[in-house]
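Student: Numbering (this note's numbering), first residue to last: 558 to 906.
Idealized CB from N, CA, C, for every residue including glycine.
Quick caveat: nothing in here was measured; it's all calculated off a predicted structure.
#1: Report the rounded CA-to-CA distance for residue 833 versus residue 847, giving the unit in angstroms.
#2: How many Å lie between residue 664 and residue 703 at the Cα?
#3: Could you compute how far the alpha carbon of residue 680 sits from the alpha carbon of residue 631?
#4: How is residue 850 classed by DSSP in three states: helix, strand or coil?
#5: Note down, in chain order, each residue of its chain lying with its Cβ closer than 7 Å to the Cβ of residue 878, except the 5 sequence neighbours on either side.
#6: Smallest Cα separation from residue 830: which of 883, 671, 867 and 713?
#7: I need the straight-line Cα distance from residue 717 to residue 864, nearest angstrom please.
#8: Mapping the DSSP letters down to three states, classify residue 697 as helix, strand or coil.
#9: Just to confirm the assignment, what range does the beta strand (DSSP E) spanning residue 641 have?
#10: Can you tell me whether DSSP reads residue 633 as helix, strand or coil?
#11: Measure the C-alpha to C-alpha separation of residue 887 and residue 705 and round it to an integer number of angstroms.
#12: Can you tell me where the alpha helix (DSSP H) with residue 875 in it begins and where it stops?
#13: Hey, could you find the ends of the alpha helix (DSSP H) residue 668 is sitting in?
#14: What does the alpha-carbon distance come out to for the pair residue 966 and residue 840?
#15: Using beta-carbon positions only, say whether residue 688 and residue 722 come within less than 8 Å of one another.
#16: Consult DSSP for residue 785 and reduce its assignment to one of helix, strand or coil.
#17: Could you please give the first and the last residue of the uninterrupted alpha helix (DSSP H) stretch that includes residue 884?
#18: In the DSSP assignment, the alpha helix (DSSP H) including residue 661 goes from what residue to what residue?
#19: Does the beta-carbon distance from residue 658 to residue 693 come in below 8 Å?
#20: Please classify residue 756 as buried or exposed, where buried requires at least 16 neighbouring CB atoms within 10 angstroms.
#21: Consult DSSP for residue 727 and reduce its assignment to one of helix, strand or coil.
#22: Output the boundary residues of the beta strand (DSSP E) element that contains residue 648.
#23: Quick one: using the 10 Å Cβ neighbour count with 16 as the cut-off for buried, is residue 637 buried or exposed?
#24: Assuming contact is defined by CB atoms lying nearer than 8 Å, are residue 849 and residue 793 in contact in what I supplied?
#25: So, using beta-carbon positions, are residue 724 and residue 690 closer together than 8 Å?
#26: With DSSP run on the structure shown, which of helix, strand or coil describes residue 625?
#27: How is the beta strand (DSSP E) around residue 773 delimited, first residue to last?
#28: For the candidate residues 645, 751 and 788, whose alpha-carbon lies nearest to that of residue 862?
#29: Any idea what DSSP makes of residue 864, helix, strand or coil?
#30: Pick helix, strand or coil for residue 749, following the three-state DSSP scheme.
#31: Taking residue 647 as the reference, give the member of 842, 695, 728 and 625 with the closest Cα.
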């Protein structure tokens, strides 16, 4: 019989995975917020803590200096971890190099995948580590590998997805995506627009800046479920020709005709920016916004598609990114991001 969970009376309670037999039930539910998903998974796993332990699970207590995995919903990790780090200090040190990838926001489950390797949940009742499924690895690789390669970082061999188990109840799966059917078409159409769901981290702002042909500080007005109108350009950081500028646009281009930006991605008919009051279309949104867009072509027609729309902020990371727009070399952006992360680490130490 395959080794399983062992009760305090010596009898095998659940063979072949124990609590992870419940994981398919968790991840087959409709997509939820990431933090809610983590809470659901780890609360199920931790609920089996009354079994007799097979080994030791050193606590890591979610230390503030473990930036990569800070906030995960468990307090003990298996050591050595899946990358053969022998102690928590080594895991923290090696994990710091991956913080920039996490902040790049290239995939919604990057943190779940990386922390399953650097700080794997420790279930002392189980005599082997819980590894990420191939599907989780491939999803993150698909979302992040191309953007990493652009800045000179190939997907590392230590994260080769073929080494991880195929999906079953003894590995960590990603939440499933809603498949487009007649019943879900309307929900898919009303999905939240990616451009207005972006996070304003330094890394994500810089990455989108380098991937956009238009970067502006603007006043906006929603037109409909698929387009937004630029009412006024406050500052121009990059124009459609790819040139980088840094000047007020109120005088230089304030008399130009308004500009319409597409919100929905190619393949979507429309999407929704839930943080905006959709009942007030054709009315100016309060405040200023940072808008990034790129030139797209579809069926012979050219248009500008939004890549990132966030409210103008006074936060330190946001202002640092704005200053870097003037002098960033997108060919060396990876180095820029690493230097920013390292400087933040030194300031904290």
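Tutor: In terms of the structure at hand:
#1: 15 Å
#2: 12 Å
#3: 10 Å
#4: strand
#5: Contacts found: 759, 762 and 763.
#6: 867
#7: Straight across, the Cα-Cα distance linking residue 717 with residue 864 is about 29 Å.
#8: helix
#9: The continuous stretches of beta strand (DSSP E) do not include residue 641, and DSSP gives it neither H nor E.
#10: strand
#11: Going from the Cα of residue 887 to the Cα of residue 705 covers about 13 Å.
#12: 873-881
#13: 667-675
#14: Because the chain here runs from 558 to 906, residue 966 falls outside it and cannot be looked at.
#15: yes
#16: strand
#17: Note, residue 884: premise wrong, no alpha helix (DSSP H); not H, not E.
#18: Membership of residue 661 in the alpha helix (DSSP H) is indicated by the continuous run 656-661.
#19: No, they are not a contact pair.
#20: exposed
#21: coil
#22: Not the beta strand (DSSP E): residue 648 falls in the alpha helix (DSSP H), residues 645-652.
#23: exposed
#24: no
#25: yes
#26: helix
#27: 771-779
#28: Looking at 645, 751 and 788, the one whose alpha-carbon comes closest to that of residue 862 is 751.
#29: strand
#30: Correct three-state label for residue 749: strand.
#31: 625
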